[in-house]
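K.L.:
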Amino acid sequence: MAEEKPNGPSARSSGWRRAAIALGADRLARRFWGGCGAILMLHGLREDGTAGWEGNPGLGTTVGQLAALIETLRAEGYELVTLDAALERFAAPKSGARFACLTFDDGYRDNYELLYPLLRRFSAPATIYITTGFTDGWAPAWWHGVEAVLSRHPTLDLELSRRTHSFAASDPAARNSSFHQASALLREAKPFTRTRALTQVEQEYNIDFSALSQEKMLTWEMIREMAASGLVEFGAHTVTHPVLRGLPQEEARREMLWSRQRLETMLGRPARHFAYPYGDRAAVDTEVVALARDCGFASAVLAYGGPLRSGASLHALPRIPFGGDDSMDDLRIRLSGLKTALSPPALVYP
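Read in order, the letters of the sequence shown are residues -3 to 346 in the working numbering.
Next comes the structure, spelled out in C-alpha cells:
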C-alpha cells in the first residue's frame, strides 16, 4: 500500500514550523520571548518502535525522542539543571546560557527502567513528581483501567450520578473518542462518585484497576535508588491525583501535604517541589496556587505556559509539554516563546 501523504492542518502546521526554523525565526524570537530558561513537562517513556493503542499517546515519549530532546537542548545552548538550581538562577538572572529542567509527572515505572539509564548516559538531572497513592498501591491511576476496558471490550458502560454513559470501542476512532469522553467525565466527577463508578466498572468487566496501576508505577525501592544517585530529585504530585480546583480547601491541603510528608518519610530528605495534577486552567486557580504557597513548597508547576520569564510566580511556574508525536521542530518553536507570546496571557497568580 502506498504511503498516504498528509495534506491537512497537521501537515500545514509542520510546514510552517520547518520554514520558521530554516529561516532562524525560532532563535530570533527566543532573543525576545525565550526568557531565562524552560521547564519541560513529560510523563512516561517507551522503547523505540513499540506499537499498540494508547488512550492518551501524548503522555508517552520514546527513548529516541528523549535522547534527541536532550541533545537539542544542549545544542541550542541550554544547560540542564535541577529545579533547585533553576530557582537560584531565576532569582538572580545573569547573562549566559539558558537553563532547562526535565520534569516527569505521576511516577511511571518506565522512569526507572528507561529514563534513569538515559539520564546516567547523558549526565542529565531530572525531577519526577510522585503521586504517592499510586506508588503505595491503593489509589489507582484510573485512566489505565479505562484504557484496558476499551482495549478489550466493544463498549464501556459508566454510571455516574445515576446516569449510565455508554462508550463504543468498535474501531480506533471510536475508541479514541470514547477514552477522552469517559476520562473527562471521570476527571470532573467528585471523588466519591468517581470511586463508586470505577468500582462498578471493575466488577462488571472483571478488571483490577489497582493491580494495573501498580504494574505501571514506580516502587519505593526504585525511587530510593534514583534519589541516591544525585541525578533525580522527587517532588509531590498529591496523593490521589484529583482536580484541586473546587475541592474543599482542607481536602486540597491534605492532598498536598500528605504527599509531601509521605515522600519525605520514605526518602529521608525534603520534598520541596510540587506539580498540580492536570495543571491546566480548569484544574488550577488562584486559590489553589495560594494554597501551594501556604503549604511551604519552594515551587509549584503548571502544565502550560511556555518559557520561564521574569515575573512568573514560583507557585505557578510555566512548563513546556512534550510527548506523543512531538518533534524537535515543535520543541524549538515552544522554546522560542513565539506561541505563548501571541496567546492570551495566563491568569495572574499571587
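Glycine residues also receive a C-beta, built at the ideal position from the N, C-alpha and C atoms.
Taking buried to mean at least 16 other C-beta atoms within 10 Å of its own C-beta, is A(-2) buried or exposed?
P.N.:
Here the model assigns A(-2) a pLDDT of 35, short of 50, so the residue's position is not dependable and the matter cannot be decided.
K.L.:
Give the single residue among T128, T131, E260 and D102 whose Cα lies nearest to the Cα of G56.
P.N.:
It is D102.
K.L.:
Just to confirm the assignment, what range does the beta strand (DSSP E) spanning P238 have?
P.N.:
Unbroken run through P238: none, as it is neither H nor E.
K.L.:
Have a look at P317, G129, D322 and W139 and flag the residue whose alpha-carbon is nearest the alpha-carbon of V235.
P.N.:
Minimum Cα distance to V235 is reached at G129.
K.L.:
Whose C-alpha, out of W49, R249 and G301, is nearest the C-alpha of A286?
P.N.:
Ranking W49, R249 and G301 by Cα distance to A286 puts R249 first.
K.L.:
Can you tell me which of the three DSSP states E43 falls into?
P.N.:
Three-state DSSP puts E43 in coil, outside helix and strand.
K.L.:
Please report the distance separating the alpha-carbon of L208 from that of A47.
P.N.:
Between L208 and A47, the C-alpha separation is close to 19 Å.
K.L.:
Whose CA, out of G307, R258, R265 and H233, lies closest to the CA of A299?
P.N.:
Closest by alpha carbon: H233.
K.L.:
From the DSSP output, in three-state form, read off W12 for me.
P.N.:
The answer is helix: DSSP assigns W12 an H, G or I state.
K.L.:
Should Q199 go down as buried or exposed, given a rule of 16 or more other Cβ atoms within 10 Å for buried?
P.N.:
Flag for Q199 reads exposed.
K.L.:
Considering only DSSP beta bridges, list what G56 is partnered with.
P.N.:
In DSSP, G56 forms a bridge with G40.
K.L.:
In the DSSP assignment, what are the bridge partners of I316?
P.N.:
DSSP lists L36 as partners of I316.
K.L.:
Could you pull out every residue in the same chain whose Cβ sits closer than 6 Å to the Cβ of Y136, ignoring the five residues on either side in sequence?
P.N.:
Correcting the residue identity first, residue 136 is Pro in this sequence and not Tyr. Contacts found: F205, S206 and S209.
K.L.:
My assumption, with CB atoms under 8 Å, is that A93 sits in contact with E109. Please give the rounded CB distance.
P.N.:
With a Cβ gap of about 31 Å, A93 and E109 do not count as contacting.
K.L.:
Using only the alpha-carbon positions, how far apart do S323 and R158 sit?
P.N.:
Taking the straight line joining both Cα atoms gives about 43 Å.
K.L.:
Which residues in the same chain as H105 place their Cβ atom closer than 8 Å to its Cβ, once the five residues preceding and following it in sequence are excluded?
P.N.:
According to the sequence shown, residue 105 is Arg rather than His. Same-chain partners within the cutoff: E211, K212, M213, L214, T215 and M218.
K.L.:
By the three-class DSSP mapping on this structure, what secondary structure does I17 have?
P.N.:
If DSSP states are grouped into helix, strand and coil, I17 belongs with the helices.
K.L.:
Can you find the residues in the same chain that come closer than 6 Å, C-beta to C-beta, to R305, ignoring five residues on each side of it along the sequence?
P.N.:
If we look at R305 and ignore the five residues flanking it on each side, its Cβ neighbours are G31.
K.L.:
Which residues mark the beginning and the end of the alpha helix (DSSP H) in which R171 is found?
P.N.:
Start and end: P168 to E184.
K.L.:
Does the segment 271 to 290 touch the segment 58 to 77, meaning 3 or more C-beta pairs lie closer than 8 Å?
P.N.:
The segment 58 to 77 is not in contact with the segment 271 to 290.
K.L.:
Determine the direct distance from the alpha carbon of T123 to that of L115, and round the result to whole angstroms.
P.N.:
Spanning the two alpha carbons is a distance of roughly 11 Å.
K.L.:
Let me make sure I understand the geometry here. Which of P238, R26, D132 and L194 has the alpha-carbon closest to that of V280?
P.N.:
Ranking the options by Cα distance to V280, first place goes to P238.
K.L.:
On the CB-based measure, 16 or more other CB atoms within 10 Å of its CB, does A15 come out buried or exposed?
P.N.:
By the neighbour-count rule (16 or more Cβ atoms within 10 Å), A15 is not buried but exposed.
K.L.:
With burial defined as no fewer than 16 other Cβ atoms inside 10 Å of the residue's Cβ, what is the status of S225: buried or exposed?
P.N.:
Its Cβ having fewer than 16 others within 10 Å, S225 is exposed.
K.L.:
DSSP has S157 in a bridge; who is on the other side?
P.N.:
Paired residues: none, contrary to the question.
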